[in-house]
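Protein chains in written order, with numbering that gives the first Met the number 0: chain A, 0 to 433; chain B, 0 to 308.
Quick reminder that beta carbons are idealized off the backbone N, C-alpha and C, glycines included.
This report concerns only the one structure given below.
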Amino acid sequence: MAARHMSRRSFLQKVGLGAAGAGVAFYGPWKHNHVYAAKADKPLLIGLTTDASGQYGNSGEMERRGMLMAIAEFNKKGGVLGRQIETIHIDTETTPATGTRVAERMITRHEAAFLMGAVSSGVANAISLVAQRYGVIYLNSNSSSPTESGKDCHRVKFVWDGNGTNFGKATVLNAINAVGKNWVLFTNDYVWGHETSKSVRALVTQYGGKIVEEMVIPVGTRDFSSYLLKLQQIKPDVVNTAVGGDDIKALRAQVGQLGMGNKPAWVQNQQDWPDVYGLPLSGVFGIFGTTWYYKLDLPGVKEFVAQYQKMYPGVSIKVPGNVYYNGYMAARELLRAVERAGSTNNIKVIKELENLKVPAKDRMQHFDAYMNPATHQMQQTIYLATANDEAAWKKDNDDLFKVLAWSKPQDAEDTDAPKACKLEPYEATPSYEM
Amino acid sequence: MEFVLHLAPHLLNGLSLGFLFALIALGFMLIIGVMELINLAHGSLFALGAYVAMVVIAPGASWWGPLGKWYVAQPLTLRYVLALVVAPVILAFVGMLLEICLRRTYGKDPLYGLLFTFGAAMVIEELIRIVWGSAEKFLQVPQAINGAFLVGGLIYSKYRFFAAASALLLILLVWLFLERTPYGAMIKAGAHDSEMVRALGINLKRLRLCVFGFGTALAAMAGIIIAPIWGLRPHVGVDAVIPAFLIIVLGGVGSFWGAVLAGVLVGLAVALTAVYVSEWSLLSMYLLLIAVVTFRARGLFGKKSILEV
């Protein structure tokens with residue numbers, strides 16, 4: 000047998016051609032028709048893209064717990080479509096660039112069927128760009144910039160939290176009528192802060208108020224004394240804060256120290272539970288929006304709280320809040336949608352989620368909720384709350400809020416979102432089945 | 000005149016913030032000066048100090064039975080003062096333990112020391128998370144320094160003034176210690192020429208141990224004083240270590256007054272930009288550093304390198 004000689008050049012050419020061929024084979028059919036062999040035997044893998052560190056590390060941990068509780072419920076009754084559900088978690092570090100890397104890795108390397116989780120809107124947007132490219136359904140469980148269901152909406156993305164406009168609608172008119180027309184905006188310097196303040200600015204102007212100053216607060220600010228001194232020099236009627244995470248904790252502590260919680264009037268667009276839990280009552284002031292509270296007098300709430308405490312004994316946050324609730328609801332509704340679709344085919348599941356309607360009782364809220372098919376945002380009851388009475392708080396230190404009022408989803412709906420949101424057509428969204 | 004009246008409270012506020020920044024950097028500066036080690040665990044030790052103080056102020060009464068109940072019934076002021084003493088002492092021992100572990104890296108590539116302290120920072124932060132959880136905690140302060148007072152129509156926090164005054168007092172005490180005591184002289188000599196110090200018969204090992212312990216106690220003290228303003232959470236140390244490092248470089252590595260002046264300049268820059276161009280407030284400290292280092296690479300009071308012409 001004659002020995003075959005292969006030159007270095009021809010070897011490289013062959014390797015190059017082979018690699019190119021493999022690439023064509025991989026990218027071509029895979030992109031649009033990703034079907035796995037023996038899928039029925041394979042557990043369904045969900046990628047949890049929640050923050051474990053950074054500005055929203057605490058909230059990320061809470062929403063992940065909520066998702067895991069919903070998944071555990073399904074696994075207990077045999078999984079979904081007869082398949083057990085497994086999860087993979089990678090810390091998105093409250094950083095959009097990390098969100099992109101994590102999403103890419105979960106989809107391409109771990110073959111996650113669905114992605115869920117985000118508190119920061121910057122991270123949610125980054126993840127959803129990757130998810131849309133692959134057609135992977137992504138649940139934005141807790142980030143609430145109006146852009147998430149507006150200009151940054153995607154066919155694969157579903158938003159479960161109320162957004163800045165929803166909360167603004169529930170608070171602005173009441174505050175203008177009850178307190179006054181001169182407003183100052185505290186805006187966290189990232190997408191959620193800016194978009195929420197933009198929305199509040201529009202509402203204040205619409206209702207006859209005036210924005211006398213907007214102070215942009217860099218993410219990571221720990222000392223608010225300069226802002227608070229300036230606020231006193233301006234003397235506004237109302238301060239609207241779109242400040243989140245560790246920044247709002249520091250702001251609350253410092254406002255409490257100055258005794259400025261009552262004057263001017265404070266409106267925190269949305270108050271996440273992990274950002275306020277553990278503060279003394281003096282640190283909880285003003286009025287703020289939320290989507291759920293653990294002491295709502297509604298069927299199922301007590302059982303839900305008990306289930307949380309049973310599943311997570313010994314955790315530092317002893318009762319669940321809105322962030323946990325949103326994580327739980329997002330995961331539960333996704334799995335129910337898969338069951339209704341009878342398939343993990345993403346387009347079928349997307350259609351199920353687009354037509355989602357959840358009765359109030361099932362949501363543990365006051366009004367029925369529904370998914371807006373034009374924006375992919377869950378329309379739900381918006382609650383207005385304030386600090387609890389001292390006597391009630393002394394009896395139970397976890398009972399920080401007093402719920403003042405609740406708005407129907409229709410009354411708080413972000414009517415500008417459908418104009419800004421341009422969902423990709425189904426046919427432009429890669430389809431897959433896991 | 001109106002502009003001056005408008006500006007005056009912000010200048011005062013910037014000054015008080017500056018003292019707090021200088022306090023954060025003090026322990027960091029001592030360790031860099033004597034040991035030529037960038038202690039990346041400084042922030043975590045800052046946080047740990049505040050957590051230990053929180054326990055000293057309000058331990059779970061049930062832990063200690065009747066003794067615990069008796070202790071919690073004591074006035075908050077007494078428990079707070081005790082925390083200001085006990086927590087830094089405990090942290091000094093933690094720092095000494097860390098230094099003993101760190102010894103294996105001496106004389107090797109400085110990267111080993113850097114990596115060691117980075118690892119220590121992560122371990123301490125996780126330990127805090129395990130012991131106290133990740134939720135926000137609250138460090139109680141006595142009623143006398145809590146609340147606010149009114150001057151010229153503006154409300155000021157009593158605690159903030161207490162914190163700034165405490166920072167100033169600590170800075171002066173540390174300066175007196177370094178300048179007027181034989182131990183301070185040893186530390187300064189160690190920072191200047193450690194080999195000569197050893198040749199003179201001073202136990203360099205023990206000196207380093209004490210300096211690390213002292214620097215850690217100062218970090219803890221800064222943590223206790225600043226926690227009621229910044230809040231208390233496991234990763235609060237990250238917010239401290241970055242400005243501390245920046246202040247040391249800005250002031251000149253190893254310079255005591257350089258660190259104090261740099262702290263004040265950073266405080267003023269952050270406070271004033273927050274008023275006039277708020278989105279630049281955090282960036283201003285980095286811009287200040289760039290501006291100074293561009294024209295004076297060794298910082299404001301850094302020693303001239305032999306490589307400089």
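- In this structure the segment 228–246 of chain B lies against the segment 39–57 of chain B, because at least three pairs of beta carbons, one per stretch, are closer than 8 Å.
- The three-state secondary structure of G255/A, taken from DSSP, is helix.
- Contact annotation: V269/B and G298/B have beta-carbon atoms that are not nearer than 8 Å.
- Within the model, the alpha-carbon separation for V85/B versus L172/B is close to 18 Å.
- Within the segment 232–306 of chain B, the runs of alpha helix (DSSP H) that reach at least 4 residues and sit entirely inside it are, in chain order, 235–250, 255–275, 280–294.
- Excluding its 5 nearest sequence neighbours in each direction, M220/B has C-beta neighbours in its own chain below 6 Å: P87, listed in chain order.
- Across the set F73/A, R82/A, E62/A, the C-alpha of E62/A shows the shortest separation from the C-alpha of H88/A.
- Within the segment 115–133 of chain B, the residues whose Cβ lies closer than 8 Å to some Cβ of chain A are W131, G132, S133, listed in chain order.
- Taking a C-beta cut-off of 8 Å against chain B, the contacting residues of the segment 312–346 of chain A are V314, S315, I316, listed in chain order.
- The beta carbon of A290/B sits no closer than 8 Å to any beta carbon of chain A.
- Look at R331/A here: in three-state DSSP terms it is helix.
- Within the segment 142–176 of chain B, the residues whose Cβ lies closer than 9 Å to any Cβ of chain A are, in chain order, N145, G146, A147, G152, L153, I154, Y155, S156, K157, Y158, R159.
- Here P109/B is exposed: its Cβ has fewer than 16 other Cβ atoms, across all protein chains shown, within 10 Å.
- Under the 10 Å beta carbon count, C100/B is surrounded by fewer than 16 other beta carbons and is classified as exposed.
- In the three-state reduction of the DSSP assignment, A241/A falls in the strand class.
- For Q142/B, there is no enclosing beta strand (DSSP E), as DSSP marks it with neither H nor E.
- In this structure, the alpha-carbon of A49/B lies about 12 Å from that of H234/B.
- Around V190/A, the same chain offers S120, G121, S144 as residues with beta carbons nearer than 6 Å, after the five sequence neighbours per side are excluded.
- Sorting G236/B, V263/B, T272/B, G262/B by C-alpha distance to the C-alpha of L39/B places G236/B at the top.
- Using a 10 angstroms sphere on the CB of A91/B, the tally of other CB atoms reaches 16 or more, which defines it as buried.
- With respect to N268/A, T290/A sits apart: the two C-beta atoms are not nearer than 8 Å.
- Residue contact with chain A for A270/B: present (Cβ-Cβ distance below 8 Å to some residue of chain A).
- Under the Cβ criterion (8 Å, minimum of three pairs), the segment 398–418 of chain A counts as touching the segment 379–388 of chain A.
- L297/A and V357/A have their C-alpha atoms roughly 15 Å apart.
- For I224/B, the enclosing alpha helix (DSSP H) stretches over residues 203–229.
- Taken through DSSP and simplified to helix, strand or coil, G288/A comes out as strand.
- Minimum Cα-Cα distance from L83/B among the listed residues L126/B, T180/B, V140/B corresponds to V140/B.
- In the DSSP annotation of this structure, F157/A is not part of any alpha helix (DSSP H); the continuous beta strand (DSSP E) holding it starts and ends at 156–158.
- Among the CB atoms of chain B, one or more fall inside 8 Å of the CB of E60/A.
- Spanning the alpha carbons of Y323/A and D397/A requires a straight line of approximately 15 Å.
- Listed in chain order, the positions of the segment 250–267 of chain A with a beta carbon within less than 9 Å of a beta carbon of chain B are R251, A252, Q253, Q256, L257, G258, M259.
- Comparing C-alpha distances from L231/B to each of L257/A, Y276/A, R200/A shows the shortest one belongs to Y276/A.
- Scanning its chain for C-beta atoms nearer than 7 Å, with the 5 sequence neighbours on each side dropped, one finds around P417/A the residues A373, T374, in chain order.
- The C-beta distance from A174/A to A264/A rounds to 6 Å, short enough to fall under 8 Å.
- When the five nearest sequence neighbours on each side are left out, no beta carbon in the same chain lies closer than 6 Å to the beta carbon of L14/B.
- Looking from the CA of A261/B, the closest CA among V3/B, L6/B, L22/B, L11/B belongs to L22/B.
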